[in-house]
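One gets my numbering by counting positions in the sequence shown from 1 and adding 176 to each. Cβ atoms here follow ideal geometry from the backbone N, Cα and C, with glycine treated the same way.
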Amino acid sequence: MSFYMHYQAIYTDKNISYAEALFRNDEVSDMESFIKSQADALAFDKKVIEKVISEIEIHRPSFPISVNVSAASICNENFVDFCCSTLLQHNLYLELIEDGYPLDYLSAKENISKLEVAGVKVIMDDFGVKDANFINLIRLGIKNIKIDKSLVLNVDSDTEKQRILKSIVGILDFMKIEQITYEGVETNAQYDAVRNISKHCAIQGFLLSQPTSMANLTI
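Shown next, in the form of structure tokens:
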């Protein structure tokens, strides 16, 4: 399988907090569905991580890189051992994608705790959609989340959505979530709206950064 990676910077204030590694294949139109349809998610995730590491070793970014992984990989002890021994030295995070969560929750929570103890940050992606919810946040003990872009869309003009996000953030603060990232921020009005809701959040979206090669991102 031929593929390459793009990277989208995620900002806290004016500084890059981290960047997300994005899988790319020019023959695939629906990248998200393609990734979720992989029969061997574990092998796919490992191949992507190895590709990202190879680029990190060349370009030496000064900020962490996050890589999307499946629930199946998080539940796999060998994969987690590989991550614990490899990711920290390359400053990599893991993002648990919303892929139905066919999880052994006890094993997943133990593995996430093992990763965190080893210094590998785990992020719940697409929070607020399907299984990326409060119950699974509690079950898994994850302390970093990304608010799904569907909750950011029109947030500047949708007062109901603003109230919902304020309520969500209030609960997340009570749970002592360490970092909230907002996905899909594409306008100054959306940026101002989410910063009004969350004073100390990270921002991801086309307004601040277009996906690009690691070489371009680290210039």
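{"query": "If contact is defined by three or more beta carbon pairs under 8 angstroms, each pair taking one atom from either stretch, is the segment 275 to 290 in contact with the segment 241 to 257?", "result": "yes"}
{"query": "Less than 8 angstroms separating the beta-carbons of A185 and V228?", "result": "no"}
{"query": "Let me check understanding here. Comparing Cα to Cα, which of I344, E231 and K352 lies closest to N309?", "result": "I344"}
{"query": "Taking the alpha carbon of I241 as the point to measure from, which residue in S205, I250, I192 and D202 has its own alpha carbon closest?", "result": "I192"}
{"query": "Residues bridged to Q355 by DSSP?", "result": "N320"}
{"query": "Since F210 and M181 are thought to touch, with beta carbons under 8 angstroms apart, how far apart are those beta carbons, to the nearest angstrom?", "result": "Not a contact, Cβ separation roughly 15 angstroms."}
{"query": "Quick one, which of A247, K325 and N392 has its alpha-carbon nearest Y367's?", "result": "K325"}
{"query": "In the DSSP output, what is Y183 paired with across the bridge?", "result": "A197 and T388"}
{"query": "Work out the CA separation of V331 and V305 for me, nearest whole Å.", "result": "16 angstroms"}
{"query": "Taking the beta strand (DSSP E) that F169 falls in, what are its first and last residues?", "result": "Residue 169 is absent from the model: the chain starts at 177 and stops at 395."}
{"query": "Mind checking whether L316 and Y269 have CB atoms under 8 angstroms apart?", "result": "no"}
{"query": "Please name the residue or residues paired with Y269 in a DSSP beta bridge.", "result": "S242"}
{"query": "Could you give the residue range of the alpha helix (DSSP H) that holds V228?", "result": "A217 to H235"}
{"query": "Does DSSP classify N309 as helix, strand or coil?", "result": "coil"}
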